[in-house]
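The C-terminal residue of the sequence shown carries number 267 in the numbering used here, and the numbering is unbroken.
Note that CB positions come from ideal geometry on N, CA and C, so glycine has one too.
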Amino acid sequence: MIHVKSLPGTPLYKCGMVDIIDKACTEAEVYKNADIDGIMLENMHDIPYLHSKDVGPEIVASMAVVMNEVKKVFNKKPIGIQILAGANEAALAVCKATGADFIRAEGFIFSHVADEGLMNACAGSLLRYRRQLDADDILVFSDIKKKHSSHSITEDIDIVETAKAAEFFLSDGVILTGTATGSPADQSELEAVKKAVNIPVLVGSGVTCENLADFVEANAIIVGSHFKDVGHWKNDLDIHRVVSFMEKAKKLRSAGN
């Protein structure tokens with residue numbers, strides 16, 4: 011994960027686009043050299059986040075520019091994007107414009123209450139928009155029972171049924187998380203969802219060197235916080251953490267084979 015620095019127009023924006031791009035490209039180079047399988051860009055520093063309906067063109071344009079430059083560095087493996095909060099159509103547009111491969115979508119199925127307010131399901135409109143863009147090759151991986159959100163309005167629908175609903179609504183994969191950034195997903199939920207659906211199941215938070223073995227059954231793992239200094243997402247990338255994580259991942263893969 012590349013947590014793009016605060017973008018123009020956001021409360022914490024301080025530096026120009028050149029510095030933002032340089033930072034993202036430097037991190038992409040580290041990931042490339044560590045033989046990471048793929049990367050994803052996210053406007054994590056744009057706190058407090060806007061609801062998808064309020065995300066402006068300055069954010070979309072900025073993320074497209076950053077993505078275009080990062081792709082020049084990390085150009086032989088999958089690369090994706092998430093635009094917070096829940097700006098899934100904007101993320102698709104950036105992917106289409108830059109030749110990126112996938113998006114991480116919030117609020118794909120069912121409603122939930124997030125930090126930014128009520129998020130409603132978007133699968134129908136999102137996948138129609140993907141078709142309009144002639145972008146069916148761009149994969150949509152959707153969060154289910156996502157972090158930083160209340161799911162009391164769907165508490166009668168468990169994680170397995172939620173995953174099945176996402177599959178039925180043509181999600182290309184589902185993402186399991188803990189309750190917040192840096193908190194791990196539930197291993198038992200991973201096992202249950204893997205048995206229930208025939209699409210990829212990703213783990214999207216809280217994976218570290220220490221618990222990586224618990225999540226080897228996932229089809230992919232999204233790592234952000236653990237790669238940063240002392241494991242906090244706001245800090246700079248720690249090269250040693252990235253390298254040691256990938257060394258362990260390769261050992262676990264070899265053992266599994």
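Nearest residue (CA-CA) to residue i, options the options
{"i": "residue 212", "options": "130, 65, 192, 151", "result": "151"}
{"i": "residue 51", "options": "224, 31, 67", "result": "31"}
{"i": "residue 70", "options": "18, 195, 264", "result": "18"}
{"i": "residue 194", "options": "209, 216, 178", "result": "216"}
{"i": "residue 114", "options": "164, 100, 28", "result": "100"}
{"i": "residue 229", "options": "186, 246, 67", "result": "186"}
{"i": "residue 87", "options": "93, 139, 44", "result": "44"}
{"i": "residue 247", "options": "235, 204, 201", "result": "235"}
{"i": "residue 155", "options": "134, 138, 196, 178", "result": "196"}
{"i": "residue 135", "options": "207, 266, 181", "result": "181"}
{"i": "residue 130", "options": "159, 199, 203, 260", "result": "159"}
{"i": "residue 347", "options": "74, 111, 41", "result": "Beyond the ends of the chain as shown, which are 11 and 267, falls residue 347; an answer cannot be given."}
{"i": "residue 201", "options": "225, 209, 103", "result": "225"}
{"i": "residue 148", "options": "107, 20, 33", "result": "107"}
{"i": "residue 190", "options": "80, 256, 243", "result": "243"}
{"i": "residue 6", "options": "172, 91, 137", "result": "No answer is possible for residue 6: the residues shown for the chain start at 11 and end at 267."}
Range of the contiguous beta strand (DSSP E) that encloses residue i
{"i": "residue 57", "result": "Counting along the chain, residue 57 falls outside any beta strand (DSSP E), and DSSP gives it neither H nor E."}
{"i": "residue 50", "result": "49 to 52"}
Where the alpha helix (DSSP H) through residue i begins and ends
{"i": "residue 2", "result": "Any question about residue 2 goes unanswered here, given that the chain covers just 11 to 267."}
Anticipated Cβ contact below 8 Å, residue i with residue j, distance rounded
{"i": "residue 188", "j": "residue 241", "result": "Not quite, the Cβ-Cβ distance comes to about 14 Å (not below 8 Å), so this is no contact."}
{"i": "residue 61", "j": "residue 14", "result": "That pair is no contact at about 19 Å."}
{"i": "residue 96", "j": "residue 117", "result": "5 Å"}
{"i": "residue 12", "j": "residue 49", "result": "6 Å"}
{"i": "residue 59", "j": "residue 126", "result": "5 Å"}
{"i": "residue 120", "j": "residue 167", "result": "7 Å"}
{"i": "residue 74", "j": "residue 104", "result": "5 Å"}
Beta bridge counterpart(s) of residue i as assigned by DSSP
{"i": "residue 186", "result": "213"}
{"i": "residue 12", "result": "51"}
Check: residue i C-beta below 7 Å from any heavy atom of the ligand ADP
{"i": "residue 148", "result": "Absent from the structure shown: the ligand ADP. Ligands present: none."}
### Message
Quick check for students: name the residue ranges of the beta strand (DSSP E) that lie wholly in the stretch 148 to 182, counting only runs of 3 or more.
### Response
149 to 153
### Task
Only counting runs of 4 or more residues, tell me where the alpha helix (DSSP H) segments fall wholly within the stretch 65 to 148, in order along the chain.
67 to 83, 98 to 108, 133 to 142
### Ranges of the beta strand (DSSP E) found wholly within the stretch 197 to 263, counting only runs of at least 3
211 to 213
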